[in-house]
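Data block below; observations after.
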Amino acid sequence: NAGVTQTPKFRVLKTGQSMTLLCAQDMNHEYMYWYRQDPGMGLRLIHYSVGEGTTAKGEVPDGYNVSRLKKQNFLLGLESAAPSQTSVYFCASSNGAFTGELFFGEGSRLTVL
Amino acid sequence: KQEVTQIPAALSVPEGENLVLNCSFTDSAIYNLQWFRQDPGKGLTSLLLIQSSQREQTSGRLNASLDKSSGRSTLYIAASQPGDSATYLCAVRRGNQFYFGTGTSLTVIP
Chain C
638 NAGVTQTPKF RVLKTGQSMT LLCAQDMNHE YMYWYRQDPG MGLRLIHYSV GEGTTAKGEV
698 PDGYNVSRLK KQNFLLGLES AAPSQTSVYF CASSNGAFTG ELFFGEGSRL TVL
Chain S
6 KQEVTQIPAA LSVPEGENLV LNCSFTDSAI YNLQWFRQDP GKGLTSLLLI QSSQREQTSG
66 RLNASLDKSS GRSTLYIAAS QPGDSATYLC AVRRGNQFYF GTGTSLTVIP
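Line by line, the protein sequences are chains C and S.
When the first sequence is numbered by the working numbering, its final residue is 750 and no position is left out of the sequence of numbers.
When the second sequence is numbered by the working numbering, its final residue is 115 and no position is left out of the sequence of numbers.
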């Protein structure tokens with residue numbers, strides 16, 4: 638019953654460093670999403686994917702890149718981290734039916750100094 | 006653009022009380038509505054999923070209703086317990102997009 642797994646769960650970066658967050662789901666879901674959650678801002682969509690090999694921009698895509706080379710994995714990259722990217726990042730997935738349920742990972746807490 | 010609102014932002018009740026959390030949305034053309042629970046420092050756990058053709062869903066002490074035409078959903082929690090203390094979020098789905106409210110922080114006082 639793994640569901641949606643995010644790694645790492647915690648990370649501290651210095652400004653300008655790069656890193657990749659990995660999201661893996663074992664439910665054979667078509668759709669995958671990356672959100673960030675900040676106090677008072679709610680959940681904001683960064684990027685999403687509707688299938689293997691596809692990606693699309695969400696509400697706040699600047700400073701992030703994504704890749705979906707395999708159906709089960711969705712990677713979120715920060716090429717040059719900034720303090721404004723300090724946040725909790727959540728990955729979520731859903732099946733391809735528009736009536737499908739959304740499932741979340743446990744989150745990845747990123748601090749950029 | 007779909008806007009989802011949850012009022013109140015915070016709620017505090019004594020243990021044993023029945024309570025209602027509210028969720029409203031501006032565009033009634035939704036596919037489904039989902040209620041989540043989020044504990045501090047944790048991810049979002051799905052509580053109930055209501056399809057657009059349904060009026061309500063029940064799970065244990067939880068009952069969620071949906072009135073698409075008025076753009077409203079309620080989450081009813083019966084006989085509240087301290088363990089129910091958490092933030093509750095609602096989300097509506099349209100196509101491959103999900104729109105979230107900012108949540109109601111619930112505290113159940115023993």
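Glycine included, C-beta positions come from ideal geometry on N, C-alpha and C.
Asked                                                                                                                                                 : Found
Give the DSSP-derived three-state secondary structure of C/P676 in the structure shown.                                                               : coil
With a Cβ-Cβ cutoff of 8 Å, do C/N732 and C/E667 count as a contact?                                                                                  : yes
According to DSSP, simplified to helix, strand and coil, what is C/S721?                                                                              : helix
My guess is that C/G700 and C/M664 are in contact by the Cβ rule of under 8 Å, so how many angstroms apart are they, rounded?                         : Rounded, the Cβ-Cβ distance is 29 Å, inconsistent with contact.
Within 8 Å (strictly less), CB to CB, does C/Y668 reach chain S?                                                                                      : yes
Using a Cβ cut-off of 9 Å, pull out every chain C residue sitting near S/S51, in sequence order please.                                               : E738, L739, F740, F741
If you run the structure through DSSP and keep just helix, strand and coil, what is S/P45?                                                            : coil
How many whole angstroms separate the CB atoms of S/P19 and S/I114, which I take to be in contact at a CB cut-off of 8 Å?                             : 5 Å
Cβ of C/F711 within 8 Å of Cβ of C/Y672?                                                                                                              : no
For C/G690, which residues in chain D fall below 9 Å Cβ to Cβ?                                                                                        : No chain D is part of this structure, whose protein chains are labelled C and S.
So for S/D72, helix, strand or coil by DSSP?                                                                                                          : strand
With S/A15 and S/S110 assumed to form a contact (beta carbons below 8 Å), what rounded beta-carbon distance in angstroms separates them?              : 4 Å
In or out: C/A719 buried (at least 16 other Cβ within 10 Å) or exposed?                                                                               : exposed
Please tell me whether C/L747 and C/L682 are closer than 8 Å, where the distance is taken between their beta carbons.                                 : no
Considering only the alpha carbon of each residue, which of S/Q86, S/I82, S/K73, S/S58 lies closest to S/V9?                                          : S/K73
Grab me the residues of S/S64's own chain with a C-beta within less than 8 Å of its C-beta, minus the 5 sequence neighbours each way, in chain order. : L52, L53
Could you compute how far the alpha carbon of S/W40 sits from the alpha carbon of C/M656?                                                             : 32 Å
Hey, does S/T107 have any beta-carbon neighbour from chain C nearer than 8 Å?                                                                         : yes
Would you check if the distance between the CB atom of S/S75 and the CB atom of S/R60 is smaller than 8 Å?                                            : no
Taking the Cβ atom as the reference point for each residue, do S/G100 and S/Q11 lie within a distance shorter than 8 Å?                               : no
Tell me which residues of the segment 670–683 of chain C have at least one Cβ-Cβ distance to chain S shorter than 7 Å, keeping chain order.           : G679, L680
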